[in-house]
Amino acid sequence: MLHREDLEQIERLYLSPLFARYGEETAIVAHKLEQDGRTPEVAFQLIHDELMLDGNARQNLATFVTTLMDSQADQLFAETYDKNMIDKDEYPQTAAMEARCVSIIANLWNSPDGDTAIGTSTIGSSEAVMLAGLALKRRWQQKQKDAGKPFDKPNLVMGQNVQVVWEKFCRYWDVEPRYAPLAEGRLHLTADEAVKLVDENTIGVVAILGSTFDGSYEPVKDIAAALDAVQADKGWDIPVHVDGASGGFVAPFIDPDLEWDFRVSRVHSINASGHKYGLVYPGVGWVVWRTHECVPDDLVFHVNYLGGDMPTFTLNFSRPGSQVILQYYRFVRLGFEGYRQIQQACRDTAMYLSSAIAEMGPYELLSDGSELPVFFFRLKGDRTNYSVFDVSAKLRERGWQVPAYTLPDNLTDVAGLRIVVRNGFGRDLADLLLADLEHATEFFENLDGPMPHDPDHGTSFAH
Ligand SMILES: Cc1ncc(COP(=O)(O)O)c(C=O)c1O
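Each step along the sequence shown adds one to the number in my numbering, with nothing skipped, and position 236 is 618.
(1) Whole angstroms is fine: what's the gap from LYS527's alpha carbon to ARG521's?
(2) Does DSSP put SER736 in a helix, in a strand, or in coil?
(3) Should the stretch 585–600 be regarded as contacting the stretch 537–557, the criterion being three or more beta carbon pairs within less than 8 angstroms?
(4) Does the distance from the C-beta atom of ARG760 to that of GLY717 stay below 8 angstroms?
(5) Are the beta-carbon atoms belonging to GLY506 and SER655 less than 8 angstroms from one another?
(6) Report yes if the C-beta of GLY501 is less than 7 angstroms from at least one heavy atom of ligand 1; otherwise report no.
(7) Report the option in TYR687, PHE695, LEU819 and SER774 whose CA atom is closest to the CA atom of ALA741.
(8) Assuming ASP625 is part of the beta strand (DSSP E), what are its boundary residues?
(9) On the CB-based measure, 16 or more other CB atoms within 10 Å of its CB, does SER647 come out buried or exposed?
(10) Within its chain, find whatever has a CB closer than 8 angstroms to the CB of ASP581; leave out the 5 residues flanking it on each side and keep chain order.
(11) Give the straight-line distance between the Cα atoms of ASP495 and ARG645, rounded to the nearest whole angstrom.
(12) Using the DSSP secondary-structure output, state which residues sit across from ALA562 in a beta bridge.
(13) Could you have a look at ASP680 and say whether DSSP puts it in helix, strand or coil?
(14) Let me confirm a value: PRO621 is counted as buried when at least 16 other C-beta atoms fall within 10 Å, else exposed. Which label applies?
(15) Considering only DSSP beta bridges, list what ASP691 is partnered with.
(16) Please say whether ILE801 and PHE771 have beta carbons closer to each other than 8 angstroms?
(17) Buried or exposed for VAL602, going by 16 or more other Cβ atoms inside 10 Å?
(18) Does the Cβ-Cβ distance between MET479 and VAL706 come in under 8 angstroms?
(19) Mind checking TYR351: buried by the 16 CB within 10 Å criterion, or exposed?
(20) Do you know how far the Cα of ASP469 is from the Cα of PHE699?
(21) Quick check: does the Cβ of ASP464 come within less than 7 angstroms of any heavy atom belonging to ligand 1?
(22) Over what stretch of residues does the alpha helix (DSSP H) that includes ALA633 continue unbroken?
(23) If we count Cβ pairs, one from each stretch, closer than 8 angstroms, do we get three or more for the stretch 777–785 versus the stretch 827–835?
(24) Excluding the 5 residues preceding and the 5 following TYR745 in the sequence, name in chain order all residues of the same chain whose CB lies nearer than 6 angstroms to its CB.
(25) With distances taken between CB atoms, is the gap from THR462 to GLY703 smaller than 8 angstroms?
(26) What do you reckon, is the C-beta of SER453 under 7 angstroms from a heavy atom of ligand 1?
(27) Take every Cβ of the stretch 511–520, pair it with every Cβ of the stretch 546–560, and state whether three or more of those distances are shorter than 8 angstroms.
(28) Kindly indicate which three-state DSSP category GLU472 falls into: helix, strand or coil?
(29) Just to confirm before moving on: does the CB-CB distance between VAL670 and ALA488 stay below 8 angstroms?
(30) Please determine whether the Cβ atom of ASN614 lies at a distance below 7 angstroms from any heavy atom of ligand 1.
(31) For ligand 1, is there any heavy atom lying closer than 7 angstroms to the beta carbon of PHE551?
(32) State the beta-bridge partners of ILE652 as determined by DSSP.
(33) Using DSSP's beta-bridge definition, name the partner residues of PRO702.
(34) Rounded to the nearest angstrom, what separates GLN725 and MET451 at their Cα positions?
(35) Would you kindly check if the distance between the Cβ of GLY629 and the Cβ of TYR663 is under 8 angstroms?
(36) With a 10 Å radius around its C-beta and 16 neighbouring C-beta atoms as the bar for buried, classify TYR404 as buried or exposed.
This is how it looks when you write it as structure tokens:
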């Protein structure tokens, strides 16, 4: 772990004699393995108590990740947490469920290969993005080699608003990132901005459905059409990857007419997080490619599966199988209509909340939850006594986790609050949140001077 806890602050953990059990009235060293263990009850109590300080998952409006499933899912999870996804030979039915999920998702995304599409589960969208990016890079390198051209300076074009995983991909795999700048009124990648940055060394363009910062969908079809024109003009055939981390499980259900997926022929690959709007606990992600030709052969490894050969393309070796099983459970349990209802309810709640917030007066919407059920809003420019960071902190007093942050380069002076509406956050909770936000806003509006600020308190939010 790269993050270090403040050692001075937490050196020892003191156990109090809660139930007067053996070993309770002592302390343990926090950062070194002690010689002797504790009874299971004492160890449990110690950890259980410390975790009380973590935020309440249901009031976490910062995360996109699923925090609520049903008791049958919990039961399946408890029955399957010992399964290793890579052990296809030992757990053939888990492997079969993974393959069925890939087909279901490929069909949902209108894959031309349908049931036989190539794809895999991953630990989340981040791993899926690494795989999709690698496939783009290798495919481009091969094309350049075949044409006798240099293949050492690949670049990837995307909006400045991409999630940090794309920056990571570029750094880890030696690809030059080319970011299209944002501007007031343009918070994501547009076709015009994308084509300005491409050249012969562009391995692909990333379009996000939808943007982590404000929940808006990037115009996949327009970007692809602009790249068609580039190809006609210059001969560069540049593929599109859609980062559908969240939208990959939203748009198919409630925006059926939006063409963002394999219906757009330039889209080579798509990723999504099963653990976001796929409605499964963390960590499961998915990546699917248009056709088998989009995945260069040398990226595929072969594992033994029932004495046969199972091709795999992942970064991790061992990884939990239970989340894949839970994804399959969700598909069986909800069907298309169940997903549709849930995503529509999330969008309705998001739009209800955003319009109520806009009506409060001091706030201005930068998105309204009509694409992803996610919206971003800021304070109007004339508010100087308080900031969105104060509002976020005040909401925290009631347990709500509503992150405040600044936008990326070019717009770092724009600070706002983001609300992610997920399954389980319905109108009742939305009304409670609104009441608390109104109360907090009234408090700030009545200040007769600026809020004092703690210089040690950061103003950023980790995406
Ligand atoms: C657009 C986008 N891409 C990728 C990711 C990374 O996904 P994961 O957390 O599943 O690794 C996120 C996470 O929020 C995201 O919003």
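Note that beta-carbon positions come from the ideal geometry of N, C-alpha and C, so glycine has one too. All figures in this text were calculated on a predicted structure; none of them were measured in a lab.
So, to answer that:
(1) The straight-line gap from Cα to Cα measures roughly 10 angstroms.
(2) helix
(3) yes
(4) no
(5) Yes; because the gap between Cβ atoms is below 8 angstroms, this pair is in contact.
(6) no
(7) A small correction: the amino acid at residue 741 is Glu; Ala does not occupy that position in the sequence shown. For GLU741, the closest of TYR687, PHE695, LEU819 and SER774 by C-alpha to C-alpha distance is LEU819.
(8) 622–625
(9) A residue is called buried when at least 16 other Cβ atoms come within 10 angstroms of its Cβ; SER647 does not meet this threshold and is exposed.
(10) ASN537 and TRP618
(11) 12 angstroms
(12) Per DSSP, GLY541.
(13) helix
(14) buried
(15) ASN686
(16) Contact flag unset, no.
(17) buried
(18) yes
(19) The requested residue 351 does not occur in the structure, where the chain is confined to residues 383 to 845.
(20) 9 angstroms
(21) Flag unset: Cβ of ASP464 not near ligand 1.
(22) 633–636
(23) no
(24) ILE739 and PHE759
(25) Yes.
(26) no
(27) yes
(28) Per DSSP, reduced to three states, the secondary structure at GLU472 is coil, with no helix or strand assignment.
(29) Their beta carbons are under 8 angstroms apart, which means VAL670 touches ALA488 by this criterion.
(30) Looking at the sequence itself, residue 614 is Ala, so the reference to Asn does not match. It does not: the Cβ of ALA614 is nowhere closer than 7 angstroms to a heavy atom of ligand 1.
(31) no
(32) Looking at the DSSP assignment, ILE652 forms a beta bridge with VAL624 and VAL670.
(33) ASN466
(34) 15 angstroms
(35) no
(36) exposed
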